[in-house]
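Student: Right, I'll just put the structure down here and ask away after.
Numbering (the working numbering), first residue to last: 2 to 704.
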């Protein structure tokens with residue numbers, strides 16, 4: 002039983018200790034003290050257990066005295082009395098009463114589920130054998146009325162699909178569970194609300210082998226959504242204080258708040274430096290032994306590049322996005338194209354030699370060093386006012402001597418020996434080559450040369466280190482010798498943690514002294530609630546500050562948490578998140594709130610949740626536009642999706658060969674995902690909320 006699970010079995014003192022004995026006593030008209038049956042199961046005094054009883058022959062005999070069916074034919078009902086005692090007669094007022102009804106619809110557990118529960122968490126495995134039975138249970142819940150009869154409330158169902166297998170089979174069963182929940186709850190297929198009602202838990206050997214409850218954060222985090230379901234029913238202790246303090250300060254907060262959805266290149270320096278968020282993944286990316294940083298557009302690669310520009314690592318810009326310390330001679334798309342067509346294709350020039358020259362040019366340009374003496378040193382030192390001067394110098398160096406490669410490599414090694422310790426920065430390697438098909442081919446061949454330089458030279462260099470920022474999909478497609486040598490030394494910028502993601506806008510909000518002071522006043526705590534402390538905040542503090550900024554729930558009461566609403570709607574089809582979309586959502590929401598506050602004052606949070614709902618469609622359009630700018634080859638697919646007009650949709654809509662050829666890319670970058678497949682054959686696709694509005698797609702379509 003639960004006593005064994007919590008490790009307190011030895012504290013169940015006798016056969017007369019627990020629920021069974023309490024029910025017998027109540028049935029006999031006695032008035033037992035429930036407090037005597039409580040067992041504390043955590044060291045903080047926050048969780049207590051009333052066991053079923055001491056498992057023994059005497060306990061089994063007690064069970065025979067219970068006749069739950071008869072209780073509902075009599076005026077006095079021991080089960081109702083027991084629940085009332087637990088609610089009202091303990092030495093403390095419980096926040097939540099958790100009842101274990103895993104035995105199913107028995108004469109004892111059914112009344113607990115249908116009559117006593119505010120929230121019924123239905124755990125099921127999405128196998129065909131369980132469908133009808135679970136559906137019947139849900140129908141019963143929807144038609145039930147709880148003990149709060151004056152409010153005519155039905156128990157709210159939530160669902161856990163578990164234990165799901167790993168891999169594609171697990172995804173198939175998770176999809177099936179989602180569709181069943183949508184059907185049972187009357188939701189559109191693919192609706193975000195069904196995901197908020199369902200939590201999928203994969204099979205875990207560690208959990209399966211656990212004899213007792215384990216409070217390790219990593220394990221308990223799996224069930225955080227379940228805790229969120231329960232927390233929705235609890236009143237917030239600070240709601241009144243928040244409303245009063247926010248109402249008093251809101252005008253000043255709105256005037257001083259600022260969120261920036263600009264690209265990193267365009268952000269004002271002080272604002273950027275004050276709001277740069279140092280997460281664990283950023284700390285890894287900053288290490289010298291990590292030469293490669295990959296991530297999707299908008300995940301922070303250029304922010305890291307810009308942070309390094311003002312760091313103490315003696316940065317040297319080799320290639321930069323437009324607007325960030327771009328050298329006059331930096332190659333643009335037409336320059337890269339010229340080298341490919343006129344030098345590589347015609348003369349056999351190697352891209353890795355270009356990158357050696359490019360790096361040396363950058364180091365000499367940004368330092369007081371002079372190039373090593375050789376037959377080509379004057380060309381390395383020669384001024385270059387534009388990319389064509391540089392290309393001319395490279396051509397002359399190659400023509401001057403048959404010993405071009407040895408001279409070049411000798412110069413590079415000598416330059417490293419003369420140079421102080423420095424880090425070479427590369428960014429803007431995605432759009433810098435252009436977006437036509439031949440430009441993308443040039444990019445792959447040129448970057449293959451760059452990584453050849455990295456893998457061949459980094460162990461030979463003493464003072465020069467590489468830091469290359471690259472789009473993840475480009476890295477995936479690159480093929481070069483010794484690529485595996487970089488696998489353990491690559492930082493991937495992914496925002497997989499919800500609290501870390503929310504810190505992006507919270508750190509910007511805390512640049513407002515009025516907002517910072519408001520939060521400190523509400524929590525009566527100045528320490529910890531400051532801009533410099535945001536990076537190290539634990540989740541609870543993140544959520545506290547977030548709730549003041551934008552409210553705890555989308556529409557009060559038991560509606561979705563705002564943090565979960567934002568998280569689910571800003572994730573792409575692969576559940577990847579980009580801070581740029583979050584910034585844009587809050588930039589727009591702040592504008593909307595500033596105007597709305599003048600006409601209809603709102604004091605429960607700085608920005609009302611409705612502002613987020615109002616601006617999500619515009620964020621979706623912006624996110625889709627950004628995706629197509631990044632991957633123009635998806636434009637034909639985008640037009641077709643807009644014509645389909647609804648999601649999920651049959652895979653047959655995408656059978657056109659030109660469109661079909663882009664589906665792997667579309668899935669890889671999160672534009673769509675498989676909604677249903679059988680034996681490897683895709684039947685339906687679905688579009689995430691992030692792009693659905695931008696594609697003008699409704700939720701329920703031809704299925």
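Where a beta carbon is used, it is the ideal one built from N, C-alpha and C, also for glycine.
State the Cα-Cα distance for the pair residue 595 and residue 516, rounded to the nearest angstrom.
Tutor: Roughly 15 Å separates the two Cα atoms.
Student: Quick check: the Cα distance between residue 520 and residue 700, rounded to an integer number of angstroms?
Tutor: Residue 520 and residue 700: Cα-Cα distance of roughly 38 Å.
Student: Cα separation between residue 209 and residue 697?
Tutor: For residue 209 and residue 697, the distance between alpha carbons rounds to 44 Å.
Student: Taking residue 113 as the reference, give the member of 325, 85, 431, 126 with the closest Cα.
Tutor: Per the Cα distances, 85.
Student: Can you tell me whether DSSP reads residue 651 as helix, strand or coil?
Tutor: Strand, per DSSP.
Student: Taking contact to mean 3 or more Cβ pairs, one atom from each stretch, closer than 8 Å, check whether the stretch 491-510 and the stretch 525-541 are in contact.
Tutor: Yes: the two stretches touch, three or more of their Cβ pairs being nearer than 8 Å.
Student: First and last residue of the beta strand (DSSP E) that includes residue 492?
Tutor: Here the beta strand (DSSP E) through residue 492 covers 491-494.
Student: On the premise that residue 18 lies in contact with residue 46, defined as a C-beta separation below 8 Å, what is that separation, rounded to the nearest angstrom?
Tutor: So it is not a contact: roughly 20 Å between Cβ atoms.
Student: Within 10 angstroms of its Cβ, does residue 134 collect 16 or more other Cβ (buried), or is it exposed?
Tutor: So residue 134 ends up on the exposed side.
Student: So within the stretch 508-537, which uninterrupted beta strand (DSSP E) runs reach at least 3 residues, ignoring any that extend past its ends?
Tutor: DSSP runs (the beta strand (DSSP E)) wholly in the stretch 508-537: none.
Student: Smallest Cα separation from residue 365: which of 328, 335, 338, 332?
Tutor: Checking every option, the nearest Cα to that of residue 365 belongs to 328.
Student: Measuring CB atoms only, is the stretch 578-597 touching the stretch 638-649, in the sense that at least three cross pairs come out at less than 8 Å?
Tutor: Touching, no, given that fewer than three Cβ pairs across the two stretches are closer than 8 Å.
Student: Quick one: using the 10 Å Cβ neighbour count with 16 as the cut-off for buried, is residue 702 buried or exposed?
Tutor: Here the model assigns residue 702 a pLDDT of 40, short of 50, so the residue's position is not dependable, and the following value carries that caveat. Result: buried.
Student: State yes or no: is the C-beta of residue 304 within less than 7 Å of the C-beta of residue 265?
Tutor: Going by C-beta atoms, residue 304 is nearer than 7 Å to residue 265.
Student: Measuring only the C-alpha atoms, how far is residue 511 from residue 434?
Tutor: Those two C-alpha atoms are separated by around 38 Å.
Student: If we ignore side chains and look at the alpha-carbon of each, how far apart do residue 608 and residue 420 end up?
Tutor: The alpha-carbon atoms of residue 608 and residue 420 are separated by roughly 52 Å.
Student: Report the rounded CA-to-CA distance for residue 383 versus residue 394, giving the unit in angstroms.
Tutor: Rounded to whole angstroms, residue 383 to residue 394 spans 8 Å at the Cα level.
Student: For residue 750, which residues from the same chain have a beta carbon less than 7 Å from its beta carbon, with the 5 sequence-adjacent residues on both sides left out?
Tutor: Residue 750 lies beyond the stretch modelled for the chain, which goes from 2 to 704, so this question has no answer here.
Student: If you reduce the DSSP assignment to three classes, tell me which class residue 62 lands in.
Tutor: Reduced to three states, the DSSP call for residue 62 is helix.
Student: Quick one: using the 10 Å Cβ neighbour count with 16 as the cut-off for buried, is residue 98 buried or exposed?
Tutor: With fewer than 16 Cβ atoms within 10 Å of its Cβ, residue 98 is classed as exposed.
Student: Report the rounded CA-to-CA distance for residue 147 versus residue 229, giving the unit in angstroms.
Tutor: Cα-Cα distance, rounded: 21 Å.
Student: Under the rule that 16 or more other beta-carbon atoms within 10 Å means buried, what is residue 73, buried or exposed?
Tutor: Counting Cβ neighbours within 10 Å, residue 73 comes out exposed, since fewer than 16 surround it.
Student: Terminal residues of the continuous beta strand (DSSP E) containing residue 323?
Tutor: That residue, residue 323, is in no beta strand (DSSP E); it is neither H nor E in DSSP.
Student: To test your reading of the DSSP string, which unbroken alpha helix (DSSP H) runs of 4 or more residues are found completely within the stretch 649-696?
Tutor: For the stretch 649-696, whole alpha helix (DSSP H) runs of length 4 or above, ordered along the chain, are 658-661, 664-669, 690-693.
Student: Considering only the alpha carbon of each residue, which of 32, 142, 428, 50 lies closest to residue 40?
Tutor: Checked all of 32, 142, 428, 50; the closest Cα to residue 40 is 50.
Student: With residue 599 as the anchor, note down where its alpha helix (DSSP H) starts and where it stops.
Tutor: Its alpha helix (DSSP H) spans residues 580-600.
Student: Under a three-way DSSP split, which group does residue 14 fall into?
Tutor: Of the three classes helix, strand and coil, the one that applies to residue 14 here is coil, per DSSP.
Student: What does DSSP give as the partner residues of residue 465 in its beta bridges?
Tutor: Note: residue 465 sits in a beta bridge opposite 423.
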